[in-house]
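The opening residue of the sequence shown carries number 13 in our numbering; numbering runs sequentially from there. Notes to accompany the following structure.
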Amino acid sequence: MLLINGLYQIRPRRLAFRNDYCLSCAAPRRVIQVRTFDVWYLFWIPLLPLGFWKRWFCTVCGHQPHAGTKIRRPFKWAGLAVLVTLSIMSWGASISPDFYVGSWVFRIGAPIGAAILLLHLIYAPQGPSLKEMLESVQPATETVCPFCGIQMILSPQCCCPSCGVVRR
Ligand SMILES: [Zn+2]
Ligand SMILES: [Zn+2]
């Protein structure tokens, strides 16, 4: 049975904005912090209030800016271990007549797959880290609220007197 469940995010309120590096867009982006009251639901029936939650969202793609998009390297190493194990097992086991083609597919395919994955792990560029990406992001400097278009109060922190959004 399919359990339809999820989160209702009620009364979203914009709290802050800043410039950040969005991993989904792979570019520096404007992100906004939104606070919602979350309620867990099962079959559209709100059951469990989870309280207020704050999350940052990219204004271009709508994703959370630091949510990972690529397969992480530890998973690739695990995949390599599986392929190596499959290679050893397929060469260690004798070929059964009713699985003749399949056995050879494993015997040849698994080592080739392992070799390609190993070369990829060794030679693929790891890319700059998120920390290096963040150093390329210019901090937000505007003094006019991007949502209301009015002058923000500059002390103690840059804040919009109308909507209350804070520049980070
Ligand atoms: Zn984005
Ligand atoms: Zn405002």
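C-beta atoms are modelled at their ideal positions from N, C-alpha and C, and glycine is treated no differently. Quantities reported herein were computed from a predicted structural model and do not represent experimental measurements.
What do you reckon, are the CB atoms on residue i and residue j nearer than 9 Å?
| i | j | result |
| --- | --- | --- |
| F64 | F49 | yes |
| V96 | A136 | no |
| F118 | S99 | yes |
| G91 | L35 | no |
| R30 | Q45 | yes |
| E147 | R179 | no |
| L42 | T71 | One detail in the question is off: residue 42 reads as Arg in this sequence, not Leu. Yes; because the gap between Cβ atoms is below 9 Å, this pair is in contact. |
| Q150 | P40 | yes |
| L62 | L19 | yes |
| S108 | S102 | no |
Below 8 Å on the Cβ atoms is my contact criterion, and I expect residue i with residue j to pass it. Report the Cβ-Cβ distance as a whole number of Å.
| i | j | result |
| --- | --- | --- |
| R26 | V177 | 5 Å |
| F159 | C175 | 6 Å |
How would you label residue i, buried or exposed, when you count the other beta carbons within 10 angstroms and need 16 or more for buried?
| i | result |
| --- | --- |
| A79 | exposed |
| M164 | buried |
| P58 | exposed |
| A28 | buried |
| A38 | exposed |
So, with DSSP's three-state summary, where would you put residue i?
| i | result |
| --- | --- |
| V43 | strand |
| R84 | coil |
| P24 | strand |
| I120 | helix |
| P109 | helix |
| G114 | helix |
| T48 | strand |
| W89 | helix |
| L54 | strand |
| S96 | Residue identity check: residue 96 is Val in the sequence provided, not Ser. It is helical. |
| I165 | strand |
| L62 | strand |
| L14 | coil |
Is there a Cβ of chain B sitting closer than 9 Å to that of residue i, yes or no?
| i | result |
| --- | --- |
| S141 | The displayed structure is made up of one protein chain only, and chain B is not part of it. |
Where residue i and residue j are concerned, what is the direct C-alpha to C-alpha distance, given to the nearest angstrom?
| i | j | result |
| --- | --- | --- |
| R85 | L133 | 8 Å |
| V51 | C73 | 24 Å |
| I202 | Y112 | An answer regarding residue 202 cannot be provided, because it is not within the stretch 13 to 180 covered by the chain. |
| I124 | D110 | 24 Å |
| P77 | M145 | 12 Å |
| S141 | A93 | 25 Å |
| K66 | D32 | 16 Å |
| D131 | G161 | Correcting the residue type first, residue 131 is Leu in the shown sequence and not Asp. So the alpha carbons of these two residues sit roughly 53 Å apart. |
| L14 | K88 | 31 Å |
| L166 | W56 | 44 Å |
- Query: Which residues count as close to ligand 3 when the rule is a CB under 6 Å from any of its heavy atoms, in chain order?
  - Reply: Among the ligands in the structure shown, ligand 3 does not appear; only ligand 1 and ligand 2 can be found there.
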